[in-house]
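2 protein chains.
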Amino acid sequence: MARKKLVVQKFGGSSVANVERILNVARRVVETKKKGNNVVVVVSALGDTTDELIELAAKITDSPSERELDMLMSTGEQISISLLAMAIHKLGIGAISLTGQQVGIATDKVHTKARIEKIETKRIEKELQKHGIVIVAGFQGITPENEITTLGRGGSDMSAVGLAIALKADVCEIFTDVEGIYTTDPRIVKNARKLKQICYEEMLEMASMGAQVMQARSIEAASKFNIPLHVRSSFSEKEGTIISKEVKSMEGVVVRGVTLNKSEAKITICKVPNKPGLAAKIFETLGKANINVDMIIQNISETGATDISFTVIKDDLNKTLKVAKDLCEKIKAAGVISDADVAKISVVGIGMRSHSGVAAKMFKTLADEKINIEMISTSEIKISCVVGKAGAEKAVKALHKAFGLHKAS
Amino acid sequence: MARKKLVVQKFGGSSVANVERILNVARRVVETKKKGNNVVVVVSALGDTTDELIELAAKITDSPSERELDMLMSTGEQISISLLAMAIHKLGIGAISLTGQQVGIATDKVHTKARIEKIETKRIEKELQKHGIVIVAGFQGITPENEITTLGRGGSDMSAVGLAIALKADVCEIFTDVEGIYTTDPRIVKNARKLKQICYEEMLEMASMGAQVMQARSIEAASKFNIPLHVRSSFSEKEGTIISKEVKSMEGVVVRGVTLNKSEAKITICKVPNKPGLAAKIFETLGKANINVDMIIQNISETGATDISFTVIKDDLNKTLKVAKDLCEKIKAAGVISDADVAKISVVGIGMRSHSGVAAKMFKTLADEKINIEMISTSEIKISCVVGKAGAEKAVKALHKAFGLHKAS
Numbered sequence: 001m002a003r004k005k006l007v008v009q010k011f012g013g014s015s016v017a018n019v020e021r022i023l024n025v026a027r028r029v030v031e032t033k034k035k036g037n038n039v040v041v042v043v044s045a046l047g048d049t050t051d052e053l054i055e056l057a058a059k060i061t062d063s064p065s066e067r068e069l070d071m072l073m074s075t076g077e078q079i080s081i082s083l084l085a086m087a088i089h090k091l092g093i094g095a096i097s098l099t100g101q102q103v104g105i106a107t108d109k110v111h112t113k114a115r116i117e118k119i120e121t122k123r124i125e126k127e128l129q130k131h132g133i134v135i136v137a138g139f140q141g142i143t144p145e146n147e148i149t150t151l152g153r154g155g156s157d158m159s160a161v162g163l164a165i166a167l168k169a170d171v172c173e174i175f176t177d178v179e180g181i182y183t184t185d186p187r188i189v190k191n192a193r194k195l196k197q198i199c200y201e202e203m204l205e206m207a208s209m210g211a212q213v214m215q216a217r218s219i220e221a222a223s224k225f226n227i228p229l230h231v232r233s234s235f236s237e238k239e240g241t242i243i244s245k246e247v248k249s250m251e252g253v254v255v256r257g258v259t260l261n262k263s264e265a266k267i268t269i270c271k272v273p274n275k276p277g278l279a280a281k282i283f284e285t286l287g288k289a290n291i292n293v294d295m296i297i298q299n300i301s302e303t304g305a306t307d308i309s310f311t312v313i314k315d316d317l318n319k320t321l322k323v324a325k326d327l328c329e330k331i332k333a334a335g336v337i338s339d340a341d342v343a344k345i346s347v348v349g350i351g352m353r354s355h356s357g358v359a360a361k362m363f364k365t366l367a368d369e370k371i372n373i374e375m376i377s378t379s380e381i382k383i384s385c386v387v388g389k390a391g392a393e394k395a396v397k398a399l400h401k402a403f404g405l406h407k408a409s
Numbered sequence: 001m002a003r004k005k006l007v008v009q010k011f012g013g014s015s016v017a018n019v020e021r022i023l024n025v026a027r028r029v030v031e032t033k034k035k036g037n038n039v040v041v042v043v044s045a046l047g048d049t050t051d052e053l054i055e056l057a058a059k060i061t062d063s064p065s066e067r068e069l070d071m072l073m074s075t076g077e078q079i080s081i082s083l084l085a086m087a088i089h090k091l092g093i094g095a096i097s098l099t100g101q102q103v104g105i106a107t108d109k110v111h112t113k114a115r116i117e118k119i120e121t122k123r124i125e126k127e128l129q130k131h132g133i134v135i136v137a138g139f140q141g142i143t144p145e146n147e148i149t150t151l152g153r154g155g156s157d158m159s160a161v162g163l164a165i166a167l168k169a170d171v172c173e174i175f176t177d178v179e180g181i182y183t184t185d186p187r188i189v190k191n192a193r194k195l196k197q198i199c200y201e202e203m204l205e206m207a208s209m210g211a212q213v214m215q216a217r218s219i220e221a222a223s224k225f226n227i228p229l230h231v232r233s234s235f236s237e238k239e240g241t242i243i244s245k246e247v248k249s250m251e252g253v254v255v256r257g258v259t260l261n262k263s264e265a266k267i268t269i270c271k272v273p274n275k276p277g278l279a280a281k282i283f284e285t286l287g288k289a290n291i292n293v294d295m296i297i298q299n300i301s302e303t304g305a306t307d308i309s310f311t312v313i314k315d316d317l318n319k320t321l322k323v324a325k326d327l328c329e330k331i332k333a334a335g336v337i338s339d340a341d342v343a344k345i346s347v348v349g350i351g352m353r354s355h356s357g358v359a360a361k362m363f364k365t366l367a368d369e370k371i372n373i374e375m376i377s378t379s380e381i382k383i384s385c386v387v388g389k390a391g392a393e394k395a396v397k398a399l400h401k402a403f404g405l406h407k408a409s
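Note that the protein sequences, when read in sequence, are chains A and B.
Under the numbering used here, the residues of the first sequence are numbered 1 to 409, in order.
Under the numbering used here, the residues of the second sequence are numbered 1 to 409, in order.
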C-alpha cells in the first residue's frame with residue numbers, strides 16, 4: 001500500500017495571533033488532511049507572546065539565566081499547540097499536540113539558540129497513524145539531560161524543516177503573512193512579481209538580505225536534504241513560491257530578484273598600517289565581541305597604509321565603534337569613521353554563474369541614475385552594492401526594470 | 001554529618017500575582033536557605049493565569065479535550081517557576097526550576113484531576129546538592145506515557161505535600177494570603193484568634209467546610225505520612241498555624257473552631273416510599289451524575305414513607321434538581337423541594353471525642369438566639385447544623401463566644 005503523502009505545515013506567530021486566526025489555521029490543516037495527506041503542523045507562539053514573556057523576565061532582572069529564559073519562552077508554543085488542537089477537534093477531526101520534549105527534538109545545550117541534533121520519529125509516527133494530524137511546538141527542543149532549549153529567533157522554521165527531514169516529508173509549507181517570494185519588495189516596486197519557483201541558493205541570498213521570510217539556517221538544512229519548501233500566505237488559498245533545488249525551467253533567467261537592506265551601517269578604519277595579520281586581528285576582535293560583520297572591503301594604497309571598510313547591523317554600531325576605536329589605537333591606524341545612512345542593494349540569481357556582464361549592467365544602471373557606489377561585494381550568485389540611503393529605492397526600481405524582472409519568466 | 005533540614009515551601013497564585021510579589025517570594029525563599037536549610041519551592045501559576053488560560057480555551061471550543069487543557073494549563077506554573085528562579089538569581093543565590101516532567105511527578109492518567117502516584121527524588125536531590133534551592137512547578141505531573149497532567153483545583157498543595165513526603169522534608173510551609181487558621185472567620189467575629197497548632201483531623205474539617213486554605217486531599221496525605229504543615233502568610237514574617245498529629249497541648253480544648261459554609265443548598269425528596277434500596281438508588285444516581293452530596297438526613301415516619309434531605313454545592317443545584325425530579329417519578333415519591341438560602345455552621349474539635357455535651361451546648365446556644373435548626377449531622381470531631389442564611393452570622397458569633405474561643409487556650 002502506498003504511503004500517504006506527508007505534509008509539514010509551519011504557521012508563524014502572526015498566523016495564530018488570535019482566536020479567529022487559530023480557527024482559520026485549523027481549517028487549513030483539516031483541508032490538507034482531507035485531501036488525503038498526513039499533516040504535521042508546527043506552530044509558533046501566539047502573536048507577540050515570546051516578546052511579552054521576555055519583557056516579563058526583564059521586569060525581574062537585567063540578566064536572566066538563559067536556561068530559565070528557555071523554560072519561560074517555551075510556554076508560548078505550548079499554549080498555541082494546545083489551542084490549535086482544540087480548534088481542530090472542534091471541526092470534528094482528531095489531532096494531538098506534542099511538546100519538543102514529547103516528540104524528542106534533541107538539541108545541543110546552547111540555551112536560547114540551540115541547534116537540533118536529532119529528531120525522534122517514533123511518537124509522531126504513532127500519533128499520525130492514530131490521528132492523521134500531529135501538532136508540534138516549534139522553537140523548542142530538549143537536551144540529553146532533559147533540559148528545555150529554544151532554537152533562537154525564527155527557530156520554528158528550523159523545527160518544521162527538521163521534522164520534514166526526519167519524517168521524509170513530501171513538502172514543508174511555510175505559512176506567513178506574505179504570499180510568497182517577490183522579485184523585489186512590492187512596497188517599493190509596484191510591478192514586482194511573485195516568483196513561482198526559486199532555488200535554495202537564491203532563497204538564501206534573498207532571505208539573508210532583507211526578504212526575511214524564513215530563517216537562513218532552515219533553508220540550508222532543507223537544501224542539504226532536498227526538502228521542497230513552499231512559502232505561502234496563511235490568509236489566502238493562492239499558491240506561493242516553491243523553493244527547491246535548481247531545475248531546468250530556471251535556466252536562462254539571469255537575475256531572479258533585487259533586494260534592499262537598510263539595516264546595516266558602514267564603518268571604515270582609516271590608514272591601517274600595511275603589516276601582515278592586521279586585518280585578521282581586526283575581524284578576530286570583532287568576532288570575539290560577538291559582532292557579525294557582513295561586507296568587507298580593503299584597498300591597499302601606495303602609501304603603505306590601507307583603509308578597511310565593513311558593514312554591521314545598525315544595532316551593533318555603537319558597540320562596534322567602541323571596539324574599532326580601541327583597535328585603532330593598538331594597531332596605530334589613523335582613525336575610525338562610520339556612516340549609518342547607507343543601504344545595501346543586491347541582485348540575486350543562480351543564472352549569474354554562467355552569464356557575465358551582470359555586474360557591468362548593475363553598475364551602469366546605478367551610474368545612469370547618478371547613484372554613487374560606496375562598496376561592492378560579489379559572490380557566485382549575488383552582487384551587492386552599498387549606496388547612500390537617499391537613493392536606495394530609486395536604485396531598486398531602476399535595477400528591477402533593467403533586469404526585466406517585471407516581465408513573467 | 002547531619003543532613004541539612006529540608007523545608008518545602010508552597011506559594012499560591014496570589015503570592016506570585018505580580019513582579020513585586022515574585023521578588024518578595026524570592027526573598028522569603030533565600031532567607032529560609034540562609035538559615036541553613038535546603039529549600040524545595042512549589043509555586044502556582046501567577047495570579048489568575050489558570051482561569052485566563054481556561055477562558056482562552058473556552059473562546060475556541062465549548063468542550064476542550066482534557067488532555068489538551070492540561071497541555072494548556074500546565075504552562076502557567078512553568079512561567080512562574082522560571083520567573084521565580086530569575087528573581088532568586090537576582091539576589092545572587094543559585095536556584096533551578098523544574099517542571100513536573102523534569103522532576104518525575106508520576107500521576108495516573110485522569111487528565112485535569114490526576115492523582116500523584118510516585119515522585120522521583122533523584123533529580124531534585126542532585127539539584128539540591130548543587131543549588132540548595134529547587135523550584136518545582138505545582139499542579140502538574142506526567143503519566144507513564146509522558147503525557148502532561150494537572151492535579152485539579154488546589155493541586156499545588158498536593159504537589160507540595162507529595163514532595164515533602166517523597167523527600168522526607170522536616171516541614172511543609174503553605175504560604176497564603178491569610179496568616180493562619182482562625183477559630184472562626186475574623187470578618188464575622190472580631191475577636192477570632194489565630195490558632196498556634198491544630199491537628200490534621202481538625203484542619204480537614206475546617207478546610208472542607210469554608211476555611212478553604214488548603215486542599216483536603218493534601219491534608220490527608222500529610223496526615224498519613226505525618227508531615228507537619230505550617231500555614232502562614234506570604235506577606236508577613238509572623239508564625240502561622242502548625243498542623244500536626246494530635247499533641248498533648250491540645251488536650252482539654254474541646255472545640256477548636258466554628259466554621260460557616262454558605263455555598264451549599266438543601267434539597268428534599270418528599271415522601272419516598274419506605275422500600276429497601278431506594279436511598280441507595282437516589283445517591284447512586286446522584287453520584288453517577290457527578291454530584292457531590294455533603295449532608296444526608298433521613299427520617300422514617302410512621303406513614304410508610306420518608307423525607308430524604310441532603311445538601312449539595314449551590315453550583316450543582318440545577319443539575320441536582322433535574323436528576324432528583326427524574327428520580328422522584330421513577331421511585332414514586334411525592335415531590336422535590338429545595339432551599340438555597342441556607343448556611344451550614346459547624347463546631348470542630350478533636351477534644352469532642354472525649355467530651356460529651358458539645359451537641360447539647362450547640363443546640364441550646366442556637367435556640368437561645370432563636371435560630372431554627374433545619375438539619376443536623378455529626379461526626380466524631382464535628383457537629384454541623386444547617387440553618388437559615390439570615391441567622392448564620394449571628395449563630396457563628398454566639399457559638400464562638402459560648403465555646404470560649406476568644407480566650408487564649
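Here a beta-carbon is modelled for each residue, glycine too, at the ideal position from N, C-alpha and C.
Three CB pairs or more closer than 8 Å across the segment 117-132 of chain A and the segment 90-107 of chain A: Contact between the segment 117-132 of chain A and the segment 90-107 of chain A is present, because at least three Cβ pairs lie under 8 Å.
If we require 4 or more residues per run, which alpha helix (DSSP H) segments fall completely within the segment 117-169 of chain A? Every unbroken stretch of the alpha helix (DSSP H) spanning 4 or more residues and falling wholly within the segment 117-169 of chain A is given here in chain order: 122-131, 155-166.
Which residues, in order along the segment 39-55 of chain B, keep a beta-carbon less than 8 Å from a beta-carbon of chain A? Taking 8 Å as the Cβ-Cβ cut-off against chain A, the residues of the segment 39-55 of chain B that qualify are LEU53.
Assigned exposure category for PRO64 (chain B) - 16 Cβ within 10 Å defines buried: Here residue 64 (chain B) refers to the residue found at position 64 when the second sequence is read from its first residue. A residue is called buried when at least 16 other Cβ atoms come within 10 angstroms of its Cβ; PRO64 (chain B) meets this threshold and is buried.
With a threshold of 16 other CB atoms inside 10 Å of the CB of ASN290 (chain B), please say whether the residue is buried or exposed. By 1-based counting over the second sequence, the position of residue 290 (chain B) is 290. Exposed is the label assigned to ASN290 (chain B), since fewer than 16 other Cβ atoms lie within 10 Å of its Cβ.
Quick one: measure Cβ to Cβ for VAL25 (chain B) and SER234 (chain B), integer angstroms, because I've assumed they're closer than 8 Å. Position 25 of the second sequence, counted from the start, is the residue given in the question as residue 25 (chain B). Position 234 of the second sequence, counted from the start, is the residue given in the question as residue 234 (chain B). Yes, VAL25 (chain B) and SER234 (chain B) are in contact; Cβ-Cβ is about 7 Å, under 8 Å.
If you measure between the beta carbons of ILE227 (chain B) and ALA164 (chain B), is that distance less than 8 Å? Locating residue 227 (chain B) in the second sequence gives position 227, counting from the first residue. Locating residue 164 (chain B) in the second sequence gives position 164, counting from the first residue. Yes, Cβ-Cβ distance for ILE227 (chain B) and ALA164 (chain B) is below 8 Å.
Neighbouring residues, chain A, relative to ILE22 (chain B) (Cβ below 7 Å): Along the second sequence, one-based indexing puts residue 22 (chain B) at 22. Correct list: ILE60.
Contact test: VAL178 (chain B) Cβ vs the ligand MN heavy atom, cutoff 7 Å: The ligand MN is absent from the structure shown, which contains no ligands of any kind.
Give a yes or no on whether the minimum CB-CB distance between HIS89 (chain A) and chain B is below 8 Å. As a first step, residue 89 (chain A) is located in the first sequence; it is residue number 89 there, counting from the start. Cβ-Cβ to chain B under 8 Å: yes for HIS89 (chain A).
Element boundaries [alpha helix (DSSP H), containing ALA395 (chain A)]: The residue you call residue 395 (chain A) lines up with position 395 of the first sequence. ALA395 (chain A) -> alpha helix (DSSP H) spans 392-402.
Proximal residues of chain A, C-beta to C-beta of LEU151 (chain B) below 7 Å: As a working mapping, residue 151 (chain B) is identified with position 151 in the second sequence. Per Cβ cutoff of 7 Å: no residues; LEU151 (chain B) is ~17 Å from chain A at best.
Listed from N- to C-terminal order along the chain, which residues in the segment 218-243 of chain A have their beta-carbon within a distance smaller than 9 Å of any beta-carbon of chain B? Using a CB distance below 9 Å, no part of the segment 218-243 of chain A faces chain B.
Report the rounded CA-to-CA distance for ASP62 (chain B) versus GLU55 (chain B), giving the unit in angstroms. For the purposes of this step, residue 62 (chain B) is taken as the residue at position 62 of the second sequence. For the purposes of this step, residue 55 (chain B) is taken as the residue at position 55 of the second sequence. If you take the alpha carbons of ASP62 (chain B) and GLU55 (chain B), they lie about 10 Å apart.
Short check: CB of GLY141 (chain B) to CB of ILE116 (chain B), under 8 Å? Mapped onto the second sequence, residue 141 (chain B) falls at position 141. Mapped onto the second sequence, residue 116 (chain B) falls at position 116. Cβ atoms of GLY141 (chain B) and ILE116 (chain B): closer than 8 Å.
Please name the residue in B:ASN261, B:MET214, B:PRO144, B:ASP170 whose C-alpha comes closest to that of VAL178 (chain B). In the second sequence, the residue the question calls residue 178 (chain B) occupies position 178. Closest option to VAL178 (chain B), Cα to Cα, is B:MET214.
Environment of ASN146 (chain B) [buried if 16+ CB atoms lie within 10 Å]: As a working mapping, residue 146 (chain B) is identified with position 146 in the second sequence. With fewer than 16 other Cβ atoms inside 10 Å of its own Cβ, ASN146 (chain B) counts as exposed.
In the DSSP assignment, the beta strand (DSSP E) including GLU380 (chain A) goes from what residue to what residue? For the purposes of this step, residue 380 (chain A) is taken as residue 380 along the first sequence, with counting starting at 1. Looking at the DSSP string, GLU380 (chain A) is not in any beta strand (DSSP E), and its letter there is neither H nor E.
Alpha carbon to alpha carbon, how far is THR50 (chain A) from VAL312 (chain B)? Give it in angstroms, no decimals. Working through the second sequence from its first residue, we reach residue 312 (chain B) at position 312. Working through the first sequence from its first residue, we reach residue 50 (chain A) at position 50. Distance from the CA of VAL312 (chain B) to the CA of THR50 (chain A), rounded to the nearest whole angstrom, comes to 44 Å.
Just how far apart, CA to CA, sit THR183 (chain A) and LEU72 (chain B)? Residue 183 (chain A) sits at position 183 when you count from the first residue of the first sequence. Residue 72 (chain B) sits at position 72 when you count from the first residue of the second sequence. Taking C-alpha positions only, THR183 (chain A) is separated from LEU72 (chain B) by approximately 41 Å.
In angstroms with no decimal places, state the Cα-to-Cα distance between VAL347 (chain A) and PHE403 (chain A). Within the first sequence, the letter at position 347 stands for residue 347 (chain A). Within the first sequence, the letter at position 403 stands for residue 403 (chain A). In a straight line, the C-alpha of VAL347 (chain A) is about 9 Å away from that of PHE403 (chain A).
In its own chain, which residues sit with a C-beta less than 7 Å from the C-beta of ALA305 (chain A), not counting the 5 before and 5 after it? Locating residue 305 (chain A) in the first sequence gives position 305, counting from the first residue. Within the same chain, ALA305 (chain A) has close Cβ partners LYS271, VAL272, PRO273, ASN274.
Residues near ALA58 (chain B) in its chain [Cβ-Cβ closer than 8 Å; skip 5 each side]: Reading the second sequence from its first residue, position 58 is the one you call residue 58 (chain B). Hits under 8 Å: PRO64.
Does HIS415 (chain A) come out as helix, strand or coil in the three-state DSSP assignment? There is simply no residue 415 (chain A) to check, as chain A begins at 1 and stops at 409 in what is shown.
Which bits of chain B does GLU68 (chain A) rub up against, with CB to CB less than 7 Å? Locating residue 68 (chain A) in the first sequence gives position 68, where the first residue counts as 1. Taking a Cβ-Cβ cut-off of 7 Å, the neighbours of GLU68 (chain A) in chain B comprise SER82, ALA85, MET86, SER97, given in sequence order.
Under DSSP, the alpha helix (DSSP H) around ALA222 (chain B) begins and ends at which residues? Translated into positions along the second sequence, residue 222 (chain B) becomes position 222. First-last of the alpha helix (DSSP H) with ALA222 (chain B): 216-224.
Distance cutoff 8 Å, beta carbons only. Does ALA17 (chain A) sit that close to anything in chain B? For the purposes of this step, residue 17 (chain A) is taken as the residue at position 17 of the first sequence. Not an interface residue.
Determine, using beta carbons only, whether PHE139 (chain A) and GLU68 (chain A) come nearer to each other than 8 Å. In the first sequence, residue 139 (chain A) corresponds to position 139, counting from 1. In the first sequence, residue 68 (chain A) corresponds to position 68, counting from 1. No.
Taking only the alpha-carbon atoms, compute the straight-line gap between ARG217 (chain A) and ALA106 (chain B) and give it to the nearest angstrom. Working through the first sequence from its first residue, we reach residue 217 (chain A) at position 217. Working through the second sequence from its first residue, we reach residue 106 (chain B) at position 106. Answer to the nearest angstrom: the Cα atoms are 38 Å apart.
Between ALA106 (chain A) and chain B, is any beta-carbon pair separated by less than 8 Å? On the first sequence, position 106 is the one that residue 106 (chain A) refers to. Contact of ALA106 (chain A) with chain B is not assigned, every C-beta pair being separated by 8 Å or more.
Quick check: the segment 316-333 of chain B against the segment 343-358 of chain B, are at least 3 beta-carbon pairs closer than 8 Å? No, the segment 343-358 of chain B is not in contact with the segment 316-333 of chain B.
Taking C-beta pairs closer than 7 Å, name the residues in chain A that ASN146 (chain B) reaches, listed in chain order. Mapped onto the second sequence, residue 146 (chain B) falls at position 146. Correct list: GLN102.
ASP177 (chain A) by DSSP, collapsed to three states: which one? Counted from its first residue, the first sequence places residue 177 (chain A) at position 177. The answer is coil: DSSP assigns ASP177 (chain A) none of H, G, I, E or B.
Going by DSSP, what residues sit across from SER233 (chain A) in a beta bridge? Numbered from 1 along the first sequence, position 233 holds the residue referred to as residue 233 (chain A). Paired residue(s): A:THR176.
Give the list of continuous alpha helix (DSSP H) stretches no shorter than 4 residues that lie fully inside the segment 251-304 of chain B. Whole alpha helix (DSSP H) segments, 4+ residues: 278-288.
Tell me, which residues are paired with THR241 (chain B) by DSSP? If you number the second sequence from 1, residue 241 (chain B) lands on position 241. Under DSSP, THR241 (chain B) shares a beta bridge with B:VAL231.
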